[in-house]
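Q:
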Amino acid sequence: MSKPEVAALPLSARARTGGPVASESTCVLWLILAASLVRIGFAWSLGLGIDESYMVATGRSFRLGYFDHPPASWWMQWAGAHLFGTDAPLAVRLPFIAAFALSTWIMYRLGSAVADRRAGLWAAVALTLSPVFGLTTASWVLPDGPLDLALLGAALCLVHALPARGRAGSLWWVGTGLCAGLALFSKYTAVLTIGGAFVYLLTSPVHRRWLARPEPYVAGLLAVAVFSPVVIWNATHHWASFAFQGDRALGLRFRPLQAFVVLGGEALFVLPWIWAPMMLAFFAALRRGPADWRGWLLVCLGFPPILAFALIAVVSRDRVLFHWAAPGYLMLFPLLGAALASRVRLAAVRRWISGTAIATVAVVIVVGTQIRLDWMHPAIAAFARHDPDLAGIDWTSLRTQLKARGLLAPGTLVGVPSWSVGGKIAYALGSGVRVICLNPDARQFGFDAPAAQFAGRTLLVLAPGAGAARNLAGYFASVTPLPPATILDRGVVLGRVDLFLGRGLRPIRQD
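Using this note's numbering, read the sequence shown as starting at 2 and increasing by one per residue.
What follows is the structure, given as structure tokens:
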């Protein structure tokens, strides 16, 4: 059978045309090893970002739940910190690097199951080269790492469960339910992809029969059981996390063009030259419809997050972040892998792959060395109002300066203006310092150290940014200004932090 004939077949037929098992699987293992080494270097070179610092600082205490998201990512960084005895960036990021290594292997297996082993290989390659997956999700302390791993596991189990019979089918359904539960235990938006599985069952003539059998419902109950700690935490904390995330999807503004802004941003995050052929593969599978059940399954799993966040952007008063729909694109990589496998001998496709790989590694090297060596500082200082390195370094110079000035005595309470700044400061000052967020939107800080519990107390307030200290002074009966501290990187001042002692903290209502 010639390769053009193979490419013309639906995914289910192409699954029988793969080459030797060892060649593709060995390539994927080498890909995982090489990419993991690059990610380890990347993770070592960068300090924790704003969200990462916040998660590590608020996750130093092991809890059943947390305000922003379900606890999987908090637990993973906690495990890394305790395993290595430090919450240094590389230590807390290593569990996420390991998780994405496993995700890459499962992507290969998923692509092999829905098409052939060559499709699985190229799906894994494309996943690795896409920045929103292969760099940030793969190495940063974010909920997306465990989410993607669990969703891929659920998709792979489902692909095997649907055509199976007897005990084997039941076991695959159990795996589907457990992985779906772990996805929900990572991020609430997993419900969109899980909902896509039920859309598939409703629209598939071949597999609609499963709706009359107990296995899908047992899988659903297992998913709920795995997710139940999140429900328990919310029930005992005034449904705070559910309310927070639900409120982000609501709004009073109608902005129809925002759907295109969000789709464009998602394309940028995936990489436009990966996103465009992926969309072509998606629409090709959409045209084939349920007749090609494997391709149709991926369509049903992939479209709900993409469509949902485009529609939410139209009506929500809040900004939709471009990576929120990433799980939808995650499900489409096997379709892209099949398209690449049928065209990989073309010189243009090979240049496309090698060029993307070179560009990705170059970006990692430039960003990593800039954060570590600051070799572009003169150019950045000439054009940027604020040094972007501030978000990529740890503010540990604050701890050194405050200790030298005797301002971090045991029992010191530190006030911060926001949860985002609070994360950077709390991580830098270490676990022995209680940080209180002086803001109605305190996120997890509002549960760990509610400002109302410290009414009347004296706080050392750290306020980066112009006017921040002046805005916070009203929360106290009296204030005593102190000389500012600085955020240093290799002796270079990147930022100034105003300090004052605030006496008699007034009550602050926090959501």
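Idealized CB from N, CA, C, for every residue including glycine.
#1: Quick check on PRO451: does DSSP put it in helix, strand or coil?
#2: Go ahead and label TRP31 buried or exposed: buried means 16 or more other beta carbons lie within 10 angstroms of its beta carbon, across all protein chains shown.
#3: Inspect the CB distances between the segment 169 to 179 and the segment 270 to 287 and report whether three or more fall short of 8 angstroms.
#4: Fully enclosed by the segment 220 to 289, which alpha helix (DSSP H) runs are 4 residues long or longer?
#5: State whether the segment 59 to 75 contacts the segment 42 to 49, with contact taken as three or more CB pairs (one from each stretch) at a distance under 8 angstroms.
#6: Which residues mark the beginning and the end of the alpha helix (DSSP H) in which ASP88 is found?
#7: Between ALA429, TYR67 and GLU267, which lies nearest to SER54 when the distance is taken from Cα to Cα?
#8: Beta-carbon separation of ALA242 and PHE68 under 7 angstroms?
#9: Using CA atoms only, rank isn't needed, just tell me which of ALA309, PHE270 and PRO90 is closest to ALA41.
#10: Do you know offhand how far SER3's Cα is from THR361's?
#11: Going by alpha carbons, who is nearest to PHE503 out of GLN511, VAL160 and ALA456?
#12: When DSSP labels each residue in this structure, what does ARG435 get in the three-state scheme?
#13: According to DSSP, is SER1 part of a helix, a strand, or is it coil?
#14: Would you call PHE283 buried or exposed, if buried means 16 or more other Cβ atoms sit within 10 Å of its Cβ?
#15: With DSSP collapsed to three states, give me the class of THR413.
#16: Tell me which same chain residues have a C-beta within less than 7 angstroms of the C-beta of VAL422, skipping the five on either side of it?
#17: Roughly how many angstroms lie between the CA atoms of ALA162 and THR177, to the nearest whole one?
#18: Between ALA326 and PHE310, what straight-line distance do the alpha-carbon atoms span, to the nearest angstrom?
#19: At which residue ranges does the segment 135 to 192 contain complete alpha helix (DSSP H) runs of 4 or more residues, listed in the order of the chain?
#20: Would you report the Cα separation of ALA427 and VAL415, rounded to the nearest angstrom?
#21: From PHE199 to VAL367, what distance separates their C-alpha atoms?
#22: Would DSSP call SER3 helix, strand or coil?
#23: From PRO451 to PRO508, what does the alpha carbon distance come to, in whole angstroms?
#24: Roughly how many angstroms separate the alpha carbons of VAL207 and TYR201, rounded to a whole number?
#25: Within this structure, are the beta carbons of VAL29 and LEU148 separated by less than 7 angstroms?
#26: Assuming PHE501 is part of the beta strand (DSSP E), what are its boundary residues?
A: Based on what the coordinates show:
#1: coil
#2: exposed
#3: no
#4: 241 to 249, 259 to 271 and 273 to 289
#5: no
#6: Taken as a continuous stretch (DSSP letters only), ASP88 belongs to no alpha helix (DSSP H), as it is neither H nor E.
#7: ALA429
#8: The displayed chain sequence assigns Ser, not Ala, to residue 242. Yes, the pair counts as a contact, with Cβ atoms nearer than the cut-off.
#9: Ala is not the amino acid found at residue 41; the sequence shown has Ile there. Among ALA309, PHE270 and PRO90, the Cα nearest to that of ILE41 is on PRO90.
#10: Because the pLDDT of SER3 is 38, which lies under 50, any placement of that residue in the model is unreliable, and the number read from its coordinates should be weighed accordingly. In a straight line, the C-alpha of SER3 is about 33 angstroms away from that of THR361.
#11: Note that residue 503 is Gly in the sequence shown, not Phe. When only C-alpha atoms are compared, the closest one is ALA456.
#12: strand
#13: Any answer about residue 1 is impossible in this case: the structure gives the chain only from 2 up to 512.
#14: buried
#15: coil
#16: PRO465
#17: 8 angstroms
#18: 6 angstroms
#19: 145 to 162 and 167 to 185
#20: 9 angstroms
#21: 44 angstroms
#22: Summary for SER3: the model assigns pLDDT 38, below 50, so the residue's position carries little reliability, and this model does not support an answer.
#23: 10 angstroms
#24: 10 angstroms
#25: no
#26: 493 to 506
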